[in-house]
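2 protein chains.
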Amino acid sequence: MSGEAPRIILLAHGSSDERWCRTFEALATPTLESVPGARIAYMELAEPSLDTVISEGSSEGIRRYTVVPLFLAAGRHLRKDVPAMIEDLQTQHDVSITLAPPIGENPELGKAIRDVVIHELETHKQPA
Amino acid sequence: MSGEAPRIILLAHGSSDERWCRTFEALATPTLESVPGARIAYMELAEPSLDTVISEGSSEGIRRYTVVPLFLAAGRHLRKDVPAMIEDLQTQHDVSITLAPPIGENPELGKAIRDVVIHELETHKQPA
Chain A
1 MSGEAPRIIL LAHGSSDERW CRTFEALATP TLESVPGARI AYMELAEPSL DTVISEGSSE
61 GIRRYTVVPL FLAAGRHLRK DVPAMIEDLQ TQHDVSITLA PPIGENPELG KAIRDVVIHE
121 LETHKQPA
Chain B
129 MSGEAPRIIL LAHGSSDERW CRTFEALATP TLESVPGARI AYMELAEPSL DTVISEGSSE
189 GIRRYTVVPL FLAAGRHLRK DVPAMIEDLQ TQHDVSITLA PPIGENPELG KAIRDVVIHE
249 LETHKQPA
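These protein sequence lines map, in sequence, to chains A and B. Each residue of the first sequence is one higher than the one before, counting from 1 in the working numbering. Each residue of the second sequence is one higher than the one before, counting from 129 in the working numbering.
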């Protein structure tokens, strides 16, 4: 196995609502622009699926992946459904896939939320 | 109506899973520590509810609130359920409640996600 960085896959839940997916694409954009090879994938209800993204990577010869969930917290999906999906994909494509914690478990997110709220307050400030 | 800042309420979905709620409390902490009077509330399945937090504020004489959804994108809950809930609470408590966009619609979140991913890559880097 080479020392190359794994391919990053930002995993969003997915929705049949186009607006919902657009928001996640916007959220993913700074990462996709900064991290070579990074992709977005959806767990369900939208394309590309995780299977599609791993299949494409596999055909390019990429053997290592890190899935970073665009979820604020881990519920049933991240504790059960996604690990099962990853196990199947590893076997099917003979690749190694690491599941990172959901982004919301990183303290940086809490600080970003604080900055957003303070900005929100500035925007809606009313004259005394 | 005074020129005082509205009370900020960080609104999370809520879950019967304690671990899920703990993650949101951690996410809210930098805001709760920086913004005087700010509170966290849950839409369902956990306490304090939005009703509880508005009732408490109302009894303290707080008349203006800004609800900041701790959601990455707006789905049915933020497009329908929460606005309906807010309309009822405004009438019931004779207060003014503004619903801010979900935090995930703010570009700062996308940048924070990029930083988390880059950190993730550093952590899992393997020797060449």
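Even glycine gets a Cβ: it sits at the ideal position worked out from N, Cα and C. Here the structure is a predicted model, which means the values were calculated and not measured.
Residue from A:Leu50, A:Gly75 and A:Pro101 whose Cα sits closest to the Cα of B:Glu248: Counted from its first residue, the second sequence places residue 248 of chain B at position 120. Nearest option by C-alpha distance: A:Pro101.
Same chain only: Cβ atoms within 8 Å of A:Val35, ignoring 5 sequence neighbours per side: For the purposes of this step, residue 35 of chain A is taken as the residue at position 35 of the first sequence. The beta carbon of A:Val35 sits closer than 8 Å to those of Ile8, all from its chain and outside the five residues before and after it, given in chain order.
CA nearest to the CA of A:Tyr65, picked from B:Asp222, B:Val245, B:Leu139 and B:Leu178: As a working mapping, residue 65 of chain A is identified with position 65 in the first sequence. Of the listed residues, the one whose Cα sits closest to A:Tyr65 is B:Val245.
Identified DSSP bridge partners for A:Ser49: As a working mapping, residue 49 of chain A is identified with position 49 in the first sequence. A:Ser49 is bridged to A:Tyr42.
Within the region 193-231 of chain B, ranges of the beta strand (DSSP E) (whole runs, at least 3 residues): 224-227
Contact with chain B by A:Val35, beta-carbon distance below 7 Å: The residue you call residue 35 of chain A lines up with position 35 of the first sequence. Output row for A:Val35: interface = yes.
A:Pro48: contacting residues in chain B (beta-carbon distance under 8 Å): Numbered from 1 along the first sequence, position 48 holds the residue referred to as residue 48 of chain A. None at all; the shortest Cβ gap to chain B is about 18 Å.
Rounded distance between the beta-carbons of B:Gly203 and A:Asp17, thought under 8 Å: As a position in the first sequence, residue 17 of chain A is number 17, starting the count at 1. As a position in the second sequence, residue 203 of chain B is number 75, starting the count at 1. 7 Å between Cβ atoms; contact.
Extent of the continuous alpha helix (DSSP H) run through A:Ala112: Along the first sequence, read from residue 1 onward, the residue named residue 112 of chain A stands at position 112. Looking at the DSSP string, the run of the alpha helix (DSSP H) that includes A:Ala112 is Pro107 to Thr123.
Segment contact, 8 Å Cβ cut-off, at least three pairs: the region 178-187 of chain B with the region 206-224 of chain B: Between the region 178-187 of chain B and the region 206-224 of chain B, the count of Cβ pairs shorter than 8 Å is three or higher; the stretches touch.
Nearest candidate by alpha-carbon position, reference A:Gly61, set A:Gly104, A:Ser96 and A:Thr29: Stepping through the first sequence from its first residue, residue 61 of chain A is reached at position 61. It is A:Ser96.
Coil, strand or helix - A:Ala28 by DSSP: On the first sequence, position 28 is the one that residue 28 of chain A refers to. Helix at A:Ala28.
Cut-off 8 Å between Cβ atoms - residues of its own chain near A:Ile103, not counting five sequence neighbours on either side: Here residue 103 of chain A refers to the residue found at position 103 of the first sequence. Result list for A:Ile103: Val68, Pro69, Leu70, Phe71, Leu72 and Leu109, in chain order.
Other residues of its chain near A:Leu27: CB distance less than 7 Å, five sequence neighbours each side excluded: The residue you call residue 27 of chain A lines up with position 27 of the first sequence. Taken in chain order, the residues that qualify are Leu70.
Which residues DSSP lists as bridging B:Ile137, in chain order: In the second sequence, counting from the first residue as 1, residue 137 of chain B sits at position 9. Per DSSP, B:Arg167 and B:Val195.
Distance between B:Arg191 and B:Leu139 (C-alpha atoms, nearest Å): Translated into the one-based positions of the second sequence, residue 139 of chain B becomes position 11. Translated into the one-based positions of the second sequence, residue 191 of chain B becomes position 63. For B:Leu139 and B:Arg191, the gap between their C-alpha atoms comes out near 18 Å.
Closer than 7 Å to chain E by CB, A:Glu44: Among the protein chains in the structure shown, which are A and B, there is no chain E.
Member of A:Arg19, A:His13, A:Pro30 and A:Asn106 whose CA lies at the smallest distance from the CA of B:Arg150: Position 22 of the second sequence, counting from 1, holds the residue named residue 150 of chain B. With distances taken between Cα atoms, B:Arg150 lies closest to A:Asn106.
Same chain only: Cβ atoms within 6 Å of A:Ile54, ignoring 5 sequence neighbours per side: Locating residue 54 of chain A in the first sequence gives position 54, counting from the first residue. Answer for A:Ile54: Leu89 and His93, listed in chain order.
Residues of its chain near A:Gly57, where Cβ-Cβ distance is below 7 Å and the 5 sequence neighbours each way are ignored: Working through the first sequence from its first residue, we reach residue 57 of chain A at position 57. Answer for A:Gly57: Arg7 and Tyr65, listed in chain order.
Own chain residues within Cβ distance below 7 Å of B:Leu206, not counting five before or after: Locating residue 206 of chain B in the second sequence gives position 78, where the first residue counts as 1. When the five nearest sequence neighbours on each side are left out, the beta carbons in the same chain lying within less than 7 Å of the beta carbon of B:Leu206 are those of Pro197, Phe199 and Pro230, in order along the chain.
Interface positions of the region 203-231 of chain B facing chain A (Cβ-Cβ less than 7 Å), listed along the chain: Gly203, Thr226, Ala228 and Ile231
Exposure of B:Ala212, with buried meaning 16 or more beta-carbon neighbours within 10 Å: In the second sequence, residue 212 of chain B corresponds to position 84, counting from 1. So B:Ala212 counts as exposed.
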